[in-house]
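Here's the structure we're looking at; comments come further down.
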Amino acid sequence: MRKAMALATALLLADTAGGAMADSPASGPATVHPDLWPAAKSPAAITDAATEARIDALIAKMTIEQKVGQLVQADISTITPRDLETWPLGSILAGGNSGPNGNERSSAEDWAKLVGEFRAASLQPQANGVAIPIIFGVDAVHGHNNIPGATLFPHNIGLGAAHDPDLIRRIGQVTAAEIAGSGIEWTFAPTLAVPQDLRWGRSYEGYASDPKLVAEYAKAMVLGLQGALAQGRPVDSTHVAATAKHYLADGGTFEGKDQGDARIGEAELIAKHAQGYPAAIDAGALTVMASFSSWNGVKNHGNKGLLTGALKGKMGFEGFVVGDWNGHGQVAGCSITDCARSINAGLDMFMAPDSWKGLYETTVRQAKDGTIPAARLDDAVRRILRVKYKLGLFDIEHVDRGDVAAVGAPGHLAIAREAVAKSLVLLKNNGSVLPIKPGARVLITGPGANSMAMQSGGWTISWQGTDVTHADFPNGQTIWEAMDRAVRDAGGIATLSDDGVYKEKPDVAVVVFGEHPYAEFQGDVPTLDYQPAEAKDLGVLKKLKAAGIPVVAVFLSGRPMFTNPEINAADAFVAAWLPGSQGDGVADVLVAGKDGKTARGFTGKLPFAWPADARSPVEKPQFEVGYGLAYGDRTKVPLLSEKPGIDVAGMLNVENFFSGGRARAPWTLSVVDAGGSRQVESGPLDSSYGLLRTRSVDVAAQEDGKSFVWSGPASFRLSGPNADMTRQLGNSFALRIDWRIDAAGPATLAFGSARADLSALVGAAPAGKVSTIRIPLRCFADAGADLTRVDAPVTISGDKGLAVTLVNTNVEAVGENLACPPAAK
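Just so we're aligned, residue 119 is where the sequence shown starts under the numbering used here, counting upward by one.
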């Protein structure tokens with residue numbers, strides 16, 4: 119036992135989970151010169167003399183506690199209406215995985231009820247008779263995507279392909295009506311990012327790489343969501359507050375890293391990334407959201423030059439600036455419960471989903487001791503109250519929202535269907551395979567053919583959108599359902615096949631494939647190569663093509679990707695992006711009716727360059743921005759180069775197995791018990807017999823860990839390609855695991871065929887804190903593991919009573935001579 123404990127001490131290195139890692143050294147200064155920035159101005163109608171007088175009177179009556187409360191926003195998963203009796207917070211949000219009473223699939227009626235309960239609680243008079251209504255915000259980013267049955271639109275990248283500002287305005291109107299219909303008055307949209315490196319996991323939230331189009335869309339979407347602001351009148355019951363986000367250059371970070379650093383000069387910052395904001399401000403945007411990211415090493419949540427000098431100064435923004443999910447905690451010298459620097463820099467409202475209580479108490483102290491000047495505090499409060507008055511939340515000119523009949527209305531669905539059709543981009547149509555002819559026998563296959571999740575993408579019902587089913591959108595159609603009906607209506611026959619197998623040879627095959635759902639940093643990728651590890655979809659395309667069947671590829675993705683092999687294997691290739699719930703919009707363009715004509719033609723044009731290789735930023739476009747074929751075009755796409763242009767295997771980083779809350783490509787995470795194996799994505803999942811439960815949890819950032827709780831013998835496993843790790847073996851590398859032991863118990867680790875007993879390490883770990891173990895690869899090689907073909911580098915097995923949270927696991931070089939743990943029996 120003494121030897122085991124000594125070994126545990128040698129291998130166990132406690133780490134803290136408190137703060138984000140510092141950015142890499144910046145390439146230049148982050149000094150802001152406001153005179154260089156474009157001029158703009160919030161419309162005079164954002165307020166009026168009578169409203170400002172009411173605000174003056176209200177601020178004069180407010181205690182410091184009440185003022186600070188206005189600056190703090192909590193998530194519904196961590197606060198109840200009754201809490202507002204003690205903590206007078208000014209805002210509530212529902213994050214991507216939060217629903218009323220913990221139910222992500224709550225109805226519009228449930229949402230309206232919850233909002234009403236928070237509103238009523240906030241209106242109970244407190245000290246000095248002050249009663250201020252809360253403002254309730256939600257991520258409605260492609261329609262009211264939080265509510266089953268709502269109208270779901272294509273994600274922004276698809277809307278960018280439509281090149282139609284009027285359509286964007288109408289989408290904004292529909293989205294606003296449905297948000298308001300569920301009793302909510304504020305959406306965190308539109309995203310005005312101009313993505314430069316498509317490895318970024320939020321690329322699909324950007325409309326285009328062209329700042330001019332982003333600016334046009336910014337104006338259109340703000341006007342659609344809010345309506346035109348009118349002097350002396352509140353925003354009406356069918357409109358909501360818009361949020362221009364994420365300020366600034368969230369799409370310009372180095373290597374496309376989410377929450378990373380934009381290492382660019384001020385001129386480029388303005389020219390590429392700031393153009394949407396003056397347009398949004400001039401249109402009346404009531405709020406702006408600060409970005410997680412940095413500009414030349416300075417976090418935007420704490421950059422006074424950007425928030426105050428440029429945004430509120432030169433661009434004349436008179437609404438309020440809200441933070442992103444605990445983003446203030448990434449500011450130098452701050453934590454998620456202590457960040458006066460953000461407020462002093464110009465942030466007006468903290469988004470503090472789970473940190474609100476400690477942050478509120480700290481901020482009250484800082485307001486009282488002068489760390490936060492009284493003038494800055496009052497300015498932030500004024501801006502927030504100004505927006506609340508404009509939304510009609512006070513008794514004076516009160517606006518009632520909550521017409522649930524608006525959610526999923528037929529007229530709204532028709533606009534979504536139109537948007538889907540206009541978003542499609544035809545990259546190839548050799549031999550005029552499209553449109554599908556009347557009377558054709560059509561095979562429809564591919565993982566995306568009958569998947570509402572794949573065609574909807576992230577930010578759908580849940581944050582990552584991986585668990586979406588057809589039942590969530592009963593008024594929608596999968597691409598299979600839409601194509602099947604359209605083909606039959608034209609006198610043909612459609613057949614769905616999971617694997618491309620058919621009984622009777624079809625006249626044409628439609629293969630629907632692409633990226634699986636993801637959101638934010640969980641969508642970051644090392645290269646733009648599609649399916650770099652196992653090209654299963656390419657195999658299906660080639661198999662059908664070899665059988666002499668004309669093949670149509672429908673590619674679902676949140677970004678252009680290196681798909682030259684797939685384009686070569688298909689006769690026609692359609693970039694369908696993430697179209698949302700209305701699959702009919704796809705069939706409207708691809709399938710001809712009995713008269714030989716389609717309901718709509720191809721009008722979409724690429725909003726981003728399509729890469730000729732796997733490098734990013736795109737150095738060599740295969741198809742330029744603005745490219746897109748139409749019916750009648752005789753353009754023949756020749757055989758394309760299939761060279762990726764980089765060492766994809768090297769870029770895949772097979773040494774990194776799990777981080778940021780998910781398995782990293784090309785590795786996958788599964789839970790295994792006697793009932794078999796089940797692959798884990800982002801949602802909660804139990805193993806086949808329910809002996810191992812996993813769910814995403816917050817450790818140092820949103821959902822950056824996976825919790826595993828055992829109720830019987832089971833394992834979790836990271837598996838993937840047969841990676842050759844002999845190089846690492848010869849260079850003193852070790853397997854590293856960062857985890858938090860939530861409940862100790864016997865545990866074993868398998869690396870390939872080698873097994874080690876981790877029970878002593880688990881027992882010695884500091885309970886409830888993130889800790890690290892490192893085990894040299896030579897230990898596994900000595901125990902018989904074949905390091906030339908590693909397909910399962912991490913399998914943790916346990917039994918009832920064990921509970922751990924996995925934060926990170928990878929292979930890394932070590933400079934110390936570590937001992938090996940005992941072999942498992």
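Just so you know, even glycine gets a beta-carbon here, dropped at the ideal spot from N, CA and C.
Simplified DSSP state of residue i, which is helix, strand or coil
i, result
"Met570", "helix"
"Trp318", "coil"
"Leu905", "coil"
"Trp785", "coil"
"His364", "strand"
"Ser675", "coil"
"Leu310", "coil"
"Ile914", "strand"
"Ser216", "coil"
"Leu211", "strand"
"Leu603", "The sequence shown places Arg at residue 603, rather than the Leu named in the question. Helix."
"Lys824", "strand"
"Ile490", "coil"
"Arg519", "coil"
Residue nearest to residue i in terms of C-alpha spacing, selected from the options
i, options, result
"Ala727", "Arg677, Val704, Leu770", "Arg677"
"Asn686", "Ala705, Lys422, Arg519, Leu662", "Leu662"
"Ile164", "Tyr507, Ser300, His151, Gly431", "Tyr507"
"Gly703", "Ala600, Asn462, Pro491", "Ala600"
"Ala175", "Val248, Val190, Gly187, Arg223", "Val248"
"Val630", "Val669, Asn593, Gly564, Lys623", "Gly564"
"Asn547", "Gly746, Val353, Trp577", "Gly746"
"Thr401", "Leu202, Ile454, Ala346", "First, the amino acid is wrong: residue 401 is Ala here, not Thr. Measuring from the Cα of Ala401, the nearest candidate turns out to be Ala346."
"Ala428", "Pro396, Gly214, Gly838, Gly415", "Pro396"
"Gly383", "His281, Thr371, Gly394", "Thr371"
"Val449", "Lys432, Asp466, Asp472, Asn421", "Asn421"
"Ala212", "Ala326, Met469, His446, Leu285", "Met469"
"Phe319", "Phe639, Ile597, Ala298", "The question names Phe, but residue 319 in the sequence shown is Gly. Ranking the options by Cα distance to Gly319, first place goes to Phe639."
Buried/exposed call for residue i, threshold 16 Cβ in 10 Å
i, result
"Asp689", "buried"
"Pro884", "exposed"
"Asn263", "buried"
"Lys179", "exposed"
"Pro911", "buried"
"Met139", "A caution first: Met139 carries a pLDDT of 32, below 50, which makes its placement in the model unreliable, though a value can still be read off. Burial call: exposed."
"Val759", "The residue you asked about is not Val; residue 759 is Ser in the sequence shown. Under this definition Ser759 is an exposed residue."
"His516", "exposed"
"Glu323", "buried"
"Ala398", "buried"
"Glu944", "This structure gives no information on residue 944, because the portion of the chain shown stretches from 119 to 943."
"Ala157", "exposed"
"Ala492", "exposed"
"Arg782", "buried"
"Asn928", "buried"
Alpha-carbon spacing of residue i relative to residue j, whole angstroms
i, j, result
"Asn568", "Leu241", "47 Å"
"Leu920", "Thr786", "22 Å"
"Gly423", "Lys417", "11 Å"
"Leu809", "Ala832", "6 Å"
"Ala862", "Gly881", "6 Å"
"Gln820", "Gly374", "19 Å"
"Ala942", "Cys897", "12 Å"
"Pro147", "Phe306", "30 Å"
"Arg994", "Glu436", "Missing from the structure shown is residue 994; the chain here goes from 119 to 943 and no further."
"Gln582", "Ser800", "6 Å"
"Asn215", "Gly549", "46 Å"
"Ala168", "Leu154", "35 Å"
"Ala651", "Ala664", "22 Å"
"Ala717", "Asp706", "5 Å"
"Asn489", "Leu509", "Note on residue identity: the sequence assigns Thr, not Asn, to residue 489. C-alpha separation (whole angstroms): 31 Å."
"Ile597", "Ile502", "43 Å"
Exercise. Is the region 639 to 656 in contact with the region 583 to 603, if contact means three or more CB pairs nearer than 8 Å?
Worked result: no
Problem set entry | Cβ contact check for the region 705 to 712 and the region 600 to 619: 3 or more pairs under 8 Å | yes
Problem set entry | Stretch pair the region 614 to 627 + the region 541 to 561: three plus CB contacts closer than 8 Å | yes
Problem set entry | contact_flag[the region 354 to 370, the region 309 to 323] where n(CB pairs < 8 Å) is 3 or more | yes
Exercise. Does the count of Cβ pairs from the region 759 to 769 and the region 728 to 738 closer than 8 Å reach three?
Worked result: yes
Exercise. Are three or more beta carbon pairs between the region 539 to 554 and the region 323 to 342 nearer than 8 Å?
Worked result: no
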